[in-house]
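>
In my numbering, the protein residues as written are 468 to 1272.
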């Protein structure tokens, strides 16, 4: 081994604490950076590649065929901002389907599969033009009795057999010959022109669909403006809906992309902390090794070799942290990418892994940062004159902080405490470094507490709204039956007689409140066709006691009014005051949107309206469940016994509330936040430890004198601990507001990634009960870092300390 190598190895071995600090801080920074950049690349790239390769449409607009002609729809292709257009194509949306009786799986035969959007294209297999369709299995339809369906929703059903459009007259049946999709979900089923004609009543015009690409379509606001321009170019009231490509993108990338904002925040915090800690450690090594530097130079080491030696002493442990961080980031990505890969249609998580270039670029970039940061104080060591380095002793320069010491001595405090309070003023630059390390720790802790509180509030929504109840009342025939065995429009799916059940519940002693609700089986015209279809809930009774939250507007109060879920409103561009059209068994009903609600437990896309609205329009308001709230001090078992006698004749049964399901994504993010935060707090405390160790070793002669004058070990500990307390307090006072700001800047993009606007209950989580302990967090981190050096100072022997002079 060369002489330079021996110096590097010796330096790393002597400074074990500092080496651990460097390894841990780079480990935390690289772990979060690899995760954030890797996830962003993995979940975004496949959609962008497919969208580009298949020339996807930025906007798919559905026109009312009774209000616009094909020529008028085609003319909108010349709207300002449109760069390319295709269509018009006939389209029939919200058509209910069931599995044909020829399905070999008898339990699936006749199953209600919900609505689909059917269209026909002149050449569905074309590899040119806009919105090129992809055939994932089977073949394209060639006859009027054949159809291709979406793989994501129908892969488990009876393909090769038949699907029946149960809401249409005559219930036309089609043979399923393939799976196909559009990259932006412009439609979910494809038939021939003759086949499509079977879905339209004789002489009735079908709706029309136009596809557009625009010069500006990068944001939701851009696409909304483009849609308005198209609507202005068409006959008034003819635009029924517009499907943005950004909605389709969020459907396949949203869950995984929610991790990215907070991982980026942790990555930035980790990198900044790495720069700070490396500066502290290497500067401390140079200051503590001044005499050693002089000896090395006297032995023939050049300034370049000295600089390289001290830079390498930082690079060695940092490289270990970089390697471990890269491995950790890839391993932590596995459970996250597992869900993302399923959304992207991958067979397993192994088909969606962090790209190799991310695992190479991030650690190499971090290594470059480490090298540059470490080289600055290392170059100072290399330029140090040999004679000056050999003459420098270990005793600090006299005169620093004397004014602060005189002022502190006048305070009514023990002498050891006053000495500690004055110590930061003797070395203000070093105190600033300690404060900066504590500051990053406080920012990380405040940020993490806010995120965890927000996650918990979000999880609470899974037990709010329709899930709030002491007891549930449901049809007796549904007890023990899988929830998805029959669809809401399936005749085998039992429903409750709402009026009779409500009257029976009101007559049972101990009933405080009750309301009924259910999936009506209707869907919304113009809703996003991909993924889960919209669910239209009909409700009877007062549910205000569930405290379901509104984001804007008010709750419906009259027939014809509705409240729309936030995610559906965001996806389609619905605002309070707009009209939406719902369809049940081929019957349409127009509803006025009076409010946007926040609900996470009944599906992504929801519409709520009073059951009386459906009844007045001649539609059927399906009531599947009653939520019952019991009066205080009512025994649940006794109430259930009384209720059974009243409800059994109505074919209804009482079921206990088993609580809401777990949101695995929120739980996983919470665990990841906790892990990264603990690492950064540990790094901050170790940064304090490294600085206090250096300061204590330099003051060993002073400690010897103080001990000779009678300072006890406990007083020594108090002095060292007090020396960082004031710095920790100031860092806490500055760090808490910064942490709150980081949390605010992170939470909104996380909601945007999944297409939701977060209510105040989720986004405004900081209370006095949270902030006051966090303000003291700076002192706690500083004291944790100073604890070990304080113990070392207390155990040092007086004679040994004095011999250092």
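Positions of the beta carbon are idealized from the N, C-alpha and C atoms, including for glycine.
Considering just the uninterrupted stretch of the beta strand (DSSP E) at residue 640, what are its terminal residues?
From DSSP, the beta strand (DSSP E) with residue 640 extends over 640-648.
> Thinking residue 887 and residue 1187 are a contact (beta carbons under 8 Å), I'd like their distance in whole angstroms, please.
About 7 Å separates the two Cβ atoms, so the contact holds.
> Hey, could you find the ends of the alpha helix (DSSP H) residue 1236 is sitting in?
Taken as a continuous stretch (DSSP letters only), the alpha helix (DSSP H) holding residue 1236 covers 1235-1242.
> By how many angstroms is the C-alpha of residue 534 removed from the C-alpha of residue 704?
So the alpha carbons of these two residues sit roughly 8 Å apart.
> From residue 1222 to residue 1251, what distance separates their C-alpha atoms?
Rounded to the nearest angstrom, the two C-alpha atoms are 41 Å apart.
> Using only CA atoms, which one of 1133, 938 and 1219 lies nearest to residue 927?
When only C-alpha atoms are compared, the closest one is 1133.
> Assign residue 485 to one of two classes, buried (16 or more other C-beta atoms within 10 Å of its C-beta) or exposed (fewer than that).
When all chains shown are included, residue 485 counts as buried.
> Count the CB pairs spanning the stretch 1048-1068 and the stretch 976-990 that are closer than 8 Å, and state whether there are at least three.
Touching, per the Cβ criterion.
> Ignore the nearest five residues each way along the sequence and tell me which others in residue 599's own chain have a CB closer than 7 Å to its CB.
Excluding sequence neighbours, residue 599 sits near 521, 522 and 593.
> Quick check on the burial criterion: 16 or more other C-beta atoms within 10 angstroms. Buried or exposed for residue 469?
With fewer than 16 Cβ atoms within 10 Å of its Cβ, residue 469 is classed as exposed.
> So, with DSSP's three-state summary, where would you put residue 710?
It is a strand residue.
> What's the call for residue 839, buried or exposed, on a 16-neighbour Cβ count within 10 Å?
It counts as exposed.
> Could you tell me which residues DSSP puts in a beta bridge with residue 1207?
Paired residues: none, contrary to the question.
> At a cut of 8 Å, does the stretch 819-836 reach the stretch 784-801 through at least three beta carbon pairs?
Because the criterion of three Cβ pairs below 8 Å is met, the stretch 819-836 and the stretch 784-801 touch.
> Looking only at C-alpha atoms, which of 634, 591 and 635 sits nearest to residue 647?
Answer by Cα proximity: 591.
> Bridge partners for residue 1123 per DSSP, in chain order?
For residue 1123, which the question treats as bridged, DSSP gives the partners 938.
> Does the structure place the stretch 1019-1033 close enough to the stretch 1074-1082 that three or more beta carbon pairs sit under 8 Å?
They touch, by the three-pair rule.
> Assuming residue 977 contacts residue 1097 under a Cβ cut-off of 8 Å, what Cβ separation, rounded to an integer in Å, is found between them?
Residue 977 to residue 1097, Cβ: 5 Å. Contact.
> With distances taken from CA atoms, which of 908, 678, 565 and 1073 is nearest residue 597?
Minimum Cα distance to residue 597 is reached at 678.
> Tell me which residues share the same chain as residue 700 and place their Cβ nearer than 8 Å to its Cβ, disregarding the 5 neighbours each side in the sequence.
Excluding sequence neighbours, residue 700 sits near 542, 543, 545 and 546.
> Measuring CB atoms only, is the stretch 1243-1259 touching the stretch 1176-1192, in the sense that at least three cross pairs come out at less than 8 Å?
The stretch 1243-1259, when compared against the stretch 1176-1192, does touch it at the 8 Å Cβ threshold.
> I need the boundaries of the alpha helix (DSSP H) containing residue 836, first residue and last residue.
That run of the alpha helix (DSSP H) goes 823-850.
> Note down the Cα distance separating residue 1209 from residue 1238, rounded to an integer number of angstroms.
The alpha-carbon atoms of residue 1209 and residue 1238 are separated by roughly 15 Å.
> Considering only C-alpha positions, which residue in the set 656, 493, 525 and 643 is nearest to residue 740?
Residue 493 is the option with its Cα nearest to residue 740.
> When the Cα of residue 793 is compared with those of 1145, 1183, 1124 and 498, which residue comes out closest?
It is 498.
> Is residue 961 near the ligand GTP, judged by its Cβ being under 8 Å from some heavy atom?
No copy of the ligand GTP occurs in the structure displayed, which carries no ligand at all.
> By DSSP, does residue 1094 sit in helix, in strand, or in coil?
Three-state result, residue 1094: strand.
> Run through DSSP, which three-state label would residue 652 get?
Here residue 652 sits in coil by DSSP.
> What's the gap between the Cα of residue 530 and the Cα of residue 553?
For residue 530 and residue 553, the distance between alpha carbons rounds to 14 Å.
> Using a Cβ-Cβ cutoff of less than 8 Å, which residues in the same chain neighbour residue 1292 once the five nearest sequence positions on both sides are dropped?
Nothing about residue 1292 can be read from this structure; the chain reaches only from 468 to 1272.
> For residue 651 and residue 687, I'd like the C-alpha separation in whole angstroms.
Straight-line Cα distance between these residues: approximately 15 Å.
> Measuring straight from C-alpha to C-alpha, what distance separates residue 1045 and residue 1229?
Roughly 26 Å between the two C-alpha positions.
> Give the DSSP-derived three-state secondary structure of residue 1064 in the structure shown.
Residue 1064 falls in the strand class under three-state DSSP.
> Any contact of the stretch 839-850 with the stretch 775-783, i.e. 3+ C-beta pairs under 8 Å?
Verdict: yes, contact present.
> Whole angstroms is fine: what's the gap from residue 812's alpha carbon to residue 1115's?
Note that residue 812 has pLDDT 42, beneath the 50 cutoff, so the model's placement of it is unreliable and the number below is only indicative. For residue 812 and residue 1115, the distance between alpha carbons rounds to 46 Å.
> Enumerate in chain order the residues of its own chain whose CB-to-CB distance from residue 560 is below 6 Å, with the five nearest sequence positions on each side excluded.
Correct list, in chain order: 584 and 992.
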